[in-house]
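What follows is a short report on a single structure.
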Amino acid sequence: METKSGKKRKIPISPTLARELQLLNKTFEYVFANPVTGKPYVDIKCFARLCKKIGIINLVFHDLRHTAATRMVASGIDLIVVQDILGHASVKTTQRYAHPVTEQKQRAIEALDKYNNIKSLSSVKKER
489 METKSGKKRK
499 IPISPTLARE
509 LQLLNKTFEY
519 VFANPVTGKP
529 YVDIKCFARL
539 CKKIGIINLV
549 FHDLRHTAAT
559 RMVASGIDLI
569 VVQDILGHAS
579 VKTTQRYAHP
589 VTEQKQRAIE
599 ALDKYNNIKS
609 LSSVKKER
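All residue numbers for the sequence shown refer to our numbering, where the first residue is 489 and numbers rise by one.
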């Protein structure tokens, strides 16, 4: 894959994706290729048309990077690994892509309970 800066790099893919890609027509080197020229589709209009065709609304290609980063971090993948997969030069950029999910926030709050040494309000006698 070629990056915005013109550098080539390899990105890992899951076994599931590898199987799906093997089922595709191997006429062209790229997954999303122009059927006439074989060159890769890179414009966002093509992605938008594909989404519309299969009934997905309000999704832009760049959203997939945010989703991937968020899901990897939520699964416990180290932020440095996510940074490398996404090709970010700075971990700060990756932090902007990875958004906390509700379950993570709930676990964070529940983790505080082990530090609480406070009696239940119902067990405290009212002082008069």
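The beta-carbon is built from N, C-alpha and C at its ideal position, and this holds for glycine as well.
C-beta contact flag for residue i and residue j at 7 Å
i: Thr582; j: Gln592; result: no
i: Phe549; j: Ile532; result: yes
i: Ala556; j: Ala586; result: no
i: Lys530; j: Ala562; result: In the sequence under discussion, the amino acid at residue 530 is Val, which differs from the Lys named in the question. No, these two residues do not count as a Cβ contact at 7 Å.
i: Pro503; j: Tyr518; result: no
i: Gly526; j: Phe516; result: yes
Euclidean distance between Cα positions of residue i and residue j
i: Arg559; j: Arg584; result: 13 Å
i: Val579; j: Asp566; result: 11 Å
i: Gly575; j: Phe520; result: 20 Å
i: Lys541; j: Leu547; result: 13 Å
For residue i, the three-state DSSP class (helix, strand or coil)
i: Ala521; result: strand
i: Pro503; result: helix
**Study point:** 4 or more residues per run - each alpha helix (DSSP H) lying fully within the region 528-558
**Key:** 532-541
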